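Engineer: My questions will all concern the structure given below.
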Amino acid sequence: MAGRSRLAYISAVLFSAKKISMKIHAFAIAGLLSCLITACNNNSKELSQAVKSLQQVDSAASVGTNIGNYATQVISAKTEVDTYLLKDKDSETAKKLSKVLNSHLAAVDWWRCDLSQAESFLKDEYDVASECRDAILPRIFELSPDIKKEAEQAIATKPMRHKSDSLDKSAMLQMIWQETSSDTKSLFKDTNQ
277 MAGRSRLAYI SAVLFSAKKI SMKIHAFAIA GLLSCLITAC NNNSKELSQA
327 VKSLQQVDSA ASVGTNIGNY ATQVISAKTE VDTYLLKDKD SETAKKLSKV
377 LNSHLAAVDW WRCDLSQAES FLKDEYDVAS ECRDAILPRI FELSPDIKKE
427 AEQAIATKPM RHKSDSLDKS AMLQMIWQET SSDTKSLFKD TNQ
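Sequential numbering from 277 applies to the sequence shown in the numbering used here.
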């Protein structure tokens, strides 16, 4: 009997230890889940703020704005997007946010080319602005294959000294804004499911 009671005692201790171990694991898992949920909520809040700031930029562009106001809105959105990207750099959402923001930054640079001053007495302001826009075209093309396709068709049909001279400056901004607006709407839809 002593052997049996010892075996029963060991079984009871092991069973209790197993129950305690299971509870510890359950608490640990609950703690990890809580931590993940909190991080997700923080990311969700930051994502929501980033998307909202991009919506504000799109809104300003759609009703008409000036370069100063537009650039200020884009800088504000950049702050919100960068805050989100500090925690999430690699997700599809992060890539979409970056694309929209970088498209707006390229649009600001494109628009600012009109404000360029002549760099020397040998160039007129038109050349400086055209060279400025030519330097920005590769960024725009990298961000938007659709815009690249349309622009390259225009450049091919109307070759000029500067590629950007073949393009309507305002139409380029409108194409960028149309694409950013569509991408921002998609981000908003994705984040509010």
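Where a beta carbon is used, it is the ideal one built from N, C-alpha and C, also for glycine.
Note that this is a predicted model, so its numbers are computed, not measured.
1) Tell me, please, whether the stretch 319-330 touches the stretch 346-363 by the rule of three or more beta-carbon pairs shorter than 8 Å.
2) Whose C-beta lies closer than 6 Å to the C-beta of Val-376 among residues of the same chain, with five residues either side of it excluded?
3) Please list, in chain order, all residues of the same chain as Asn-468 whose beta carbon is under 6 Å from its beta carbon, the five residues on each side excluded.
4) Could you tell me whether the Cβ atoms of Lys-424 and Ile-412 are closer together than 9 Å?
5) Return the chain-ordered list of same chain residues with a C-beta closer than 6 Å to the C-beta of His-438, the five sequence neighbours on each side being excluded.
6) From which residue to which residue does the alpha helix (DSSP H) around Gly-344 run?
7) Kindly indicate which three-state DSSP category Lys-365 falls into: helix, strand or coil?
8) Are there 16 or more other CB atoms within 10 angstroms of the CB of Ala-447, so buried, or fewer, so exposed?
9) For Lys-372 and Ser-420, I'd like the C-alpha separation in whole angstroms.
10) For Ser-420, report the span of its alpha helix (DSSP H) as first-last.
11) Determine the direct distance from the alpha carbon of Ala-427 to that of Phe-464, and round the result to whole angstroms.
12) Going by CA-CA distance only, name the one from Asp-364, Ala-337 and Ser-379 that's closest to Pro-476.
13) For Ala-494, count neighbouring Cβ atoms within 10 angstroms of its own Cβ and tell me buried if that reaches 16, exposed if not.
14) Quick one, are the C-beta atoms of Val-350 and Ala-383 less than 9 Å apart?
15) What beta strand (DSSP E) runs, 3 residues minimum, are completely inside the stretch 402-460?
16) Taking the C-alpha atoms as reference points, what is the distance between Asn-345 and Leu-362?
17) Indicate whether Leu-391 and Ile-452 have their beta-carbon atoms separated by less than 9 Å.
18) Straight-line CA distance for Trp-387 to Ser-462?
19) Have a look at Gln-454 and Ala-337 and give me their C-alpha separation to the nearest angstrom.
20) Does Asp-334 pass the burial test, meaning 16 or more other C-beta atoms within 10 Å, or should it be called exposed?
Structural biologist: Walking through what the data contain:
1) yes
2) By one-based count along the sequence shown, residue 376 stands at place 100. The residues are Leu-330, Thr-456, Asp-459 and Thr-460.
3) To locate residue 468, count along the sequence shown from 1; it is residue 192. Closer than 6 Å at Cβ, skipping near neighbours: no residue.
4) The residue you call residue 424 lines up with position 148 of the sequence shown. The residue you call residue 412 lines up with position 136 of the sequence shown. Cβ distance not < 9 Å, so Lys-424 and Ile-412 don't count as in contact.
5) Working through the sequence shown from its first residue, we reach residue 438 at position 162. Only Ser-406 and Asp-410 meet the Cβ criterion.
6) Counted from its first residue, the sequence shown places residue 344 at position 68. Judged by DSSP secondary structure, Gly-344 falls within the alpha helix (DSSP H) whose first and last residues are 343-361.
7) Position 89 of the sequence shown, counting from 1, holds the residue named residue 365. Here Lys-365 sits in coil by DSSP.
8) In the sequence shown, residue 447 corresponds to position 171, counting from 1. Answer is exposed; the Cβ neighbour count stays below 16.
9) Here residue 372 refers to the residue found at position 96 when the sequence shown is read from its first residue. Here residue 420 refers to the residue found at position 144 when the sequence shown is read from its first residue. Going by the C-alpha atoms only, they are around 12 Å apart.
10) Indexing the sequence shown from 1 puts residue 420 at position 144. Unbroken run through Ser-420: none, as it is neither H nor E.
11) What you label residue 464 is simply residue 188 of the sequence shown in a count that begins at 1. What you label residue 427 is simply residue 151 of the sequence shown in a count that begins at 1. Between Phe-464 and Ala-427, the C-alpha separation is close to 28 Å.
12) Since the displayed the chain opens at 277 and closes at 469, residue 476 lies outside it and no answer follows.
13) The structure shown does not extend to residue 494, since the chain is modelled only from 277 through 469, so no value can be given for it.
14) Walking along the sequence shown from the start, residue 350 turns up at place 74. Walking along the sequence shown from the start, residue 383 turns up at place 107. Result yes, Cβ atoms of Val-350 and Ala-383 sit closer than 9 Å.
15) none
16) Here residue 345 refers to the residue found at position 69 of the sequence shown. Here residue 362 refers to the residue found at position 86 of the sequence shown. Cα to Cα, the separation comes out at about 26 Å.
17) Position 115 of the sequence shown holds residue 391. Position 176 of the sequence shown holds residue 452. Result no, Cβ atoms of Leu-391 and Ile-452 do not sit closer than 9 Å.
18) On the sequence shown, residue 387 is found 111 positions in, with the first residue counted as 1. On the sequence shown, residue 462 is found 186 positions in, with the first residue counted as 1. Roughly 25 Å between the two C-alpha positions.
19) Taking the sequence shown and counting its residues from 1, the one referred to as residue 454 is at position 178. Taking the sequence shown and counting its residues from 1, the one referred to as residue 337 is at position 61. If you take the alpha carbons of Gln-454 and Ala-337, they lie about 9 Å apart.
20) If you number the sequence shown from 1, residue 334 lands on position 58. Looking at its Cβ environment, which holds 16 or more other Cβ atoms inside 10 Å, Asp-334 is buried.
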